[in-house]
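Residue numbers (this note's numbering): 479 to 876.
(1) For residue 637 and residue 672, I'd like the C-alpha separation in whole angstroms.
(2) On the CB-based measure, 16 or more other CB atoms within 10 Å of its CB, does residue 616 come out buried or exposed?
(3) Quick one: Cα of residue 849 to Cα of residue 843, how far?
(4) Start and end of the alpha helix (DSSP H) containing residue 670?
(5) Measuring only the C-alpha atoms, how far is residue 565 from residue 866?
(6) Ends of the alpha helix (DSSP H) at residue 797?
(7) Identify, in the order they occur along the chain, each residue of the same chain with its Cβ nearer than 8 Å to the Cβ of residue 863, setting aside the five sequence neighbours on each side.
(8) If you measure between the beta carbons of residue 422 and residue 535, is that distance less than 7 Å?
(9) May I ask which residues mark the beginning and end of the alpha helix (DSSP H) holding residue 693?
(10) Specify, as a first and last residue, the run of the beta strand (DSSP E) that residue 526 falls within.
(11) Beta-carbon within less than 7 Å of residue 656's beta-carbon, same chain only, minus the 5 sequence neighbours each way: which residues are those?
(12) To the nearest angstrom, how far is the alpha carbon of residue 445 from that of residue 662?
(13) If you pair each beta-carbon of the segment 618-632 with each one of the segment 573-587, do three or more pairs fall below 8 Å?
(14) Which whole-angstrom value describes the C-beta separation of residue 803 and residue 767, a residue pair presumed to lie in contact below a C-beta threshold of 8 Å?
(15) Would you mind working out which of 810, 717, 523 and 869 sits nearest residue 492, comparing C-alpha positions?
(16) Which of the three DSSP states, helix, strand or coil, is assigned to residue 587?
(17) Return the chain-ordered list of same chain residues with a C-beta closer than 8 Å to the C-beta of residue 647, the five sequence neighbours on each side being excluded.
(18) For residue 744, which option in 518, 720, 714 and 703 has the closest C-alpha, if you only look at C-alpha atoms?
(19) Just to check, is the beta-carbon of residue 495 closer than 6 Å to a non-hydrogen atom of the ligand HEM?
(20) I'd like the ranges of any alpha helix (DSSP H) spanning at least 4 consecutive residues and lying wholly in the segment 834-864.
(21) Quick one: what's got a C-beta closer than 6 Å to residue 895's C-beta in the same chain, skipping five residues either side?
(22) Provide the residue(s) that pair with residue 912 in DSSP beta bridges, ordered along the chain.
(23) Which stretch, first to last residue, makes up the beta strand (DSSP E) that contains residue 489?
(24) Do you know whose CA, among 841, 832 and 871, lies nearest residue 859's CA?
(25) Alpha carbon to alpha carbon, how far is residue 748 from residue 741? Give it in angstroms, no decimals.
(26) Just the Cα atoms here: how many angstroms apart are residue 555 and residue 567?
(27) My assumption, with CB atoms under 8 Å, is that residue 654 sits in contact with residue 609. Please give the rounded CB distance.
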């Protein structure tokens, strides 16, 4: 994937002596101490990250962590004190006024928590406002605004006034306004946080639907972990102006960088976040299906490891089934010395796909007499999930 947004050592100091604050940061002083000594605020400190084209990158943190400052640096609503912000390889901090205006009009859209609709303009005129400012002709403005409203399900309300719409519908107009200029990059600052929970979920679904239809690079600010996990391809967790961890939700959930990050996930339902592939273990006995591997050798391996079941795969790691000590001994008795591992496979064994949600695994797991095998998209054996492993995952993450 191509990198569309890249931040390199970005720092923002609010105050009239930023160089002094930068020197204090370099000496290892903390944010609170700098404020106490100088009255200057460290909004963002040494933020570095990449956002791939077409991904939803969610930035999370407590109030005052710097996440809203960070997103305003990405389109230079505020100027960085130091560092680079590259959009498609160009440093926006070096752009002149005309280049910056052109970037915002042609390549970027932004959706805020506040709907910020103009009450004296009809819905389609609000959606077309950015195009109007950009000097786009009237016919094109109307057509593109209507197309954006259709995309968010408000095509029939183009002639309505903002006060005639519900809060969720007004936010859809705000989203349509951002989409009307067909941006490659969409910045969303707590865009759904002012909405009721049900409407917020509907807007999340709408965003994912639009993303499926046409992928955009989205940086989404949120304080809601459920929302972040639901829509984010990757998360960045901020604390005190710093980015303390970046990764996929399941990666951060399994390996939080510190107690601050761990606290975000303390009350999350991990069964909705982790997958079968995340919790599968490779500690079961695997038996390689080839001419030299027979039931007698398999029985020996299982007994040496004090295991009842073995997982059969071939040389390319493709899963073939599960055998037990009992089924192997029965195959030996039936085969008169010519039995194979295939003769001992247990009937009705269906491996779990690695992408299956952890919450879906439980029903299958409780009914199975053996740890459930897990395979990837190519049918390769990933590992197995035992009842013990499942419960340990719940205990460790909670």
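Quick reminder that beta carbons are idealized off the backbone N, C-alpha and C, glycines included.
Taking the structure as given:
(1) 25 Å
(2) exposed
(3) 7 Å
(4) Neither: residue 670 is in no alpha helix (DSSP H) and is coded neither H nor E.
(5) 47 Å
(6) Per DSSP, residue 797 belongs to no alpha helix (DSSP H); it is in the beta strand (DSSP E), 797-802.
(7) 754, 757, 758, 759, 830, 839, 843, 849, 850 and 852
(8) There is simply no residue 422 to check, as the chain begins at 479 and stops at 876 in what is shown.
(9) Residue 693 -> no alpha helix (DSSP H), and no H or E assigned at all.
(10) 519-530
(11) Only 587, 588, 589 and 664 meet the Cβ criterion.
(12) Here the chain has residues from 479 to 876 only, and residue 445 is not among them.
(13) no
(14) Distance from residue 803 to residue 767 at the Cβ level is roughly 18 Å; contact not present, criterion being Cβ atoms closer than 8 Å.
(15) Looking at the Cα atoms, 523 is the closest of the given residues.
(16) If DSSP states are grouped into helix, strand and coil, residue 587 belongs with the strands.
(17) Hits under 8 Å: 632 and 635.
(18) Checked all of 518, 720, 714 and 703; the closest Cα to residue 744 is 703.
(19) Among the ligands in the structure shown, none appear at all, so the ligand HEM cannot be discussed.
(20) 836-845
(21) Given that the chain is displayed from residue 479 to residue 876, the structure contains no residue 895 and the question cannot be resolved.
(22) A question about residue 912 goes unanswered here, because the residues of the chain that appear run from 479 up to 876.
(23) 481-492
(24) 832
(25) Going by the C-alpha atoms only, they are around 13 Å apart.
(26) Residue 555 and residue 567 have their alpha carbons spaced roughly 19 Å apart.
(27) Their Cβ separation, rounded to whole angstroms, is 11 Å, which puts residue 654 and residue 609 out of contact at 8 Å.
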